[in-house]
Ligand SMILES: [Zn+2]
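Here's what the structure looks like:
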């Protein structure tokens, strides 16, 4: 047994459930076992299936006790709630019951090991009602071992019960499976694990913050044993202060998850285009010993997780605390998918560069700076404004509106044409171009523009448009994207006009005669409105 295993044995043993009602998160299992036992419908072979560390052998032992319990007065019958104090119960609890034999199939896989069991099964129980064989990791048995076992399972002596435990159902032959009553153990869900670990910490005289418990529970990934093992290590690390917090970073370091929170901060700054802040966080990461390649990989993992969250609503386990997770999800929601995909491209290309670069830290800085500049306007809602908000505006968001109204820089935008003029005036030529090429106007009112973006065009510019309107007009503007077809784009309208003029020209006889003479020539009419 490894050193780590020895450590967790302490808590896992100390708090091992002794009754069905003590099993955490396995209510259904407990209920159906209770029913079987109280009805006297005891299968010859039980099969407990589930991931590692969720109580399969613990349940097996409780069942063994239940089948052999004789009650406090020594006269009791088989019961679904073993007394825990009779001779039989106590000896199972202390691993010394003569008729309850526990075998780890992982180390006893051969047919000879099974023959020994079969031989032993022939003799009547010495101490209890039943001779009980608990075979852990039963899927590890060899083929011939399974065959030998099958014979006994086909005609089991009345006093013999088998209890199998496995993590891998598929590796057990169907002939064996069909002779077992199967019970599935559930993965322990996070809230329950958090609550239980908190309770144990408390019983051990420690306080623990919900964040710390959540980090432990997440790392345990549904396994009670892993959860208790991690808690055990946390207790020994925080022995002096008797309080488990993630803030102290001890827990994170233990789990190898240090600095995960900093990564969220970094990502947040990068996606908001806050260059100075991003570089500060990056420096802190370097000071704490991060290396450029794995930092970049981490950032890519986070971007990937944002994309899966946005597209499939799947939350990736990033080893973040609850607060950081909330921050991360918020950021995911507010960042446009197109921006994330663009960022991914930049990072991927950067990653290749970084692998070849002799200047790791500097190269990473350059890559991240590039990211800051491609995504300057990505965060939806009021996270970005042209100038930092004053204290008064933070308290009263409406004051901004009043301030804007008095602003001499305000432009009067009352229709689509005046919007285009304003864009020209303020030299917003990219946005101006988007307005001409990429949108189909559906409705224009002061304060509300309803439009459809041309299929295939990026929609990033909508955010830029909102900010432009916010900065230069007295109103708050709502921009509604719709599926309604709306008008043609300005460019299409102009092309149509041009086409019409050309047609008119063609219809003129003079022109027609020229065409007759010179069939390959093209007619073009200069349209003054186009310039
Ligand atoms: Zn008992």
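In the numbering used here, the protein residues as written are 28 to 558.
Virtual Cβ for every residue (Gly too), placed ideally from N, Cα, C.
Keep in mind the model is a prediction, meaning the values are calculated, not measured.
Check whether residue i and residue j have beta carbons under 8 Å apart
{"i": "residue 104", "j": "residue 126", "result": "no"}
{"i": "residue 46", "j": "residue 108", "result": "yes"}
{"i": "residue 463", "j": "residue 509", "result": "no"}
{"i": "residue 480", "j": "residue 466", "result": "yes"}
{"i": "residue 204", "j": "residue 224", "result": "no"}
{"i": "residue 240", "j": "residue 221", "result": "yes"}
{"i": "residue 320", "j": "residue 271", "result": "no"}
{"i": "residue 206", "j": "residue 168", "result": "no"}
{"i": "residue 566", "j": "residue 392", "result": "The structure shown does not extend to residue 566, since the chain spans only 28 to 558, so no value can be given for it."}
{"i": "residue 38", "j": "residue 258", "result": "yes"}
{"i": "residue 190", "j": "residue 73", "result": "yes"}
{"i": "residue 325", "j": "residue 290", "result": "yes"}
{"i": "residue 250", "j": "residue 89", "result": "no"}
{"i": "residue 192", "j": "residue 146", "result": "no"}
{"i": "residue 97", "j": "residue 128", "result": "no"}
{"i": "residue 473", "j": "residue 441", "result": "yes"}
{"i": "residue 210", "j": "residue 358", "result": "no"}
{"i": "residue 351", "j": "residue 288", "result": "yes"}
{"i": "residue 468", "j": "residue 443", "result": "yes"}
{"i": "residue 293", "j": "residue 394", "result": "no"}
{"i": "residue 330", "j": "residue 295", "result": "no"}
{"i": "residue 165", "j": "residue 199", "result": "yes"}
{"i": "residue 559", "j": "residue 500", "result": "This structure does not reach residue 559, given that the chain is present from 28 up to 558, and the question cannot be answered."}
{"i": "residue 177", "j": "residue 194", "result": "no"}
{"i": "residue 91", "j": "residue 119", "result": "yes"}
{"i": "residue 256", "j": "residue 278", "result": "no"}
{"i": "residue 302", "j": "residue 396", "result": "yes"}
{"i": "residue 185", "j": "residue 138", "result": "no"}
Interface flag, residue i vs chain D, CB-CB below 8 Å
{"i": "residue 164", "result": "Any reference to chain D falls outside this structure, which holds one protein chain only."}
8 Å CB neighbourhood of residue i in its chain, flanking five on each side removed
{"i": "residue 245", "result": "217, 344 and 346"}
{"i": "residue 53", "result": "81, 82, 86, 212 and 213"}
{"i": "residue 101", "result": "113 and 114"}
{"i": "residue 99", "result": "110, 112 and 113"}
{"i": "residue 520", "result": "514"}
{"i": "residue 208", "result": "63, 70, 72, 73 and 74"}
Whole-number beta carbon distance between residue j and residue i, since they are thought to touch under 8 Å
{"i": "residue 141", "j": "residue 172", "result": "4 Å"}
{"i": "residue 297", "j": "residue 398", "result": "5 Å"}
{"i": "residue 312", "j": "residue 286", "result": "6 Å"}
{"i": "residue 368", "j": "residue 333", "result": "No, residue 368 and residue 333 are not in contact; Cβ-Cβ is about 10 Å, not under 8 Å."}
{"i": "residue 470", "j": "residue 477", "result": "4 Å"}
Chain-order list of residues whose beta-carbon lies under 7 Å from that of residue i (same chain, five-residue window excluded)
{"i": "residue 335", "result": "341 and 343"}
{"i": "residue 43", "result": "85"}
{"i": "residue 136", "result": "167, 168, 169 and 172"}
{"i": "residue 451", "result": "459"}
{"i": "residue 254", "result": "220, 224, 243, 244 and 247"}
{"i": "residue 61", "result": "47 and 107"}
{"i": "residue 41", "result": "none"}
Close Cβ partners of residue i (< 6 Å) along its chain, the five nearest in sequence each way excluded
{"i": "residue 187", "result": "148 and 158"}
{"i": "residue 155", "result": "95, 115 and 126"}
{"i": "residue 475", "result": "505"}
{"i": "residue 327", "result": "374"}
{"i": "residue 514", "result": "467 and 468"}
{"i": "residue 497", "result": "none"}
{"i": "residue 502", "result": "474"}
{"i": "residue 428", "result": "Low confidence applies to residue 428: its pLDDT is 35, below 50, so where it sits in the model is not reliable enough to give any reading."}
{"i": "residue 384", "result": "390"}
{"i": "residue 353", "result": "none"}
Residue i beta carbon near ligand 2 (any heavy atom closer than 7 Å)
{"i": "residue 159", "result": "As for ligand 2, it is missing from this structure, which binds only ligand 1."}
Specify whether the stretch 59 to 74 and the stretch 222 to 236 touch according to this definition: at least 3 beta carbon pairs, one from each stretch, less than 8 Å apart. no
Write down every uninterrupted run of the alpha helix (DSSP H) in the stretch 83 to 136 whose length is 4 residues or greater and which is fully enclosed by it, in chain order. 83 to 95 and 114 to 120
Within the stretch 261 to 298, note down every full alpha helix (DSSP H) run reaching 4 residues or more, in order along the chain. 277 to 282
Determine, using beta-carbon pairs with one atom in the stretch 349 to 364 and one in the stretch 375 to 393, whether at least three such pairs fall under 8 Å. no
Output the residue ranges of the alpha helix (DSSP H) runs that lie fully inside the stretch 141 to 207 and measure 4 residues or longer, sorted by chain position. 170 to 181 and 201 to 204
Beta strand (DSSP E) runs wholly inside the stretch 427 to 503, at least 3 long, in chain order: 466 to 472 and 475 to 480
In chain order, each beta strand (DSSP E) run of at least 3 residues that lies wholly inside the stretch 202 to 263: 208 to 211
To test your reading of the DSSP string, which unbroken alpha helix (DSSP H) runs of 4 or more residues are found completely within the stretch 289 to 346? 302 to 314 and 319 to 339
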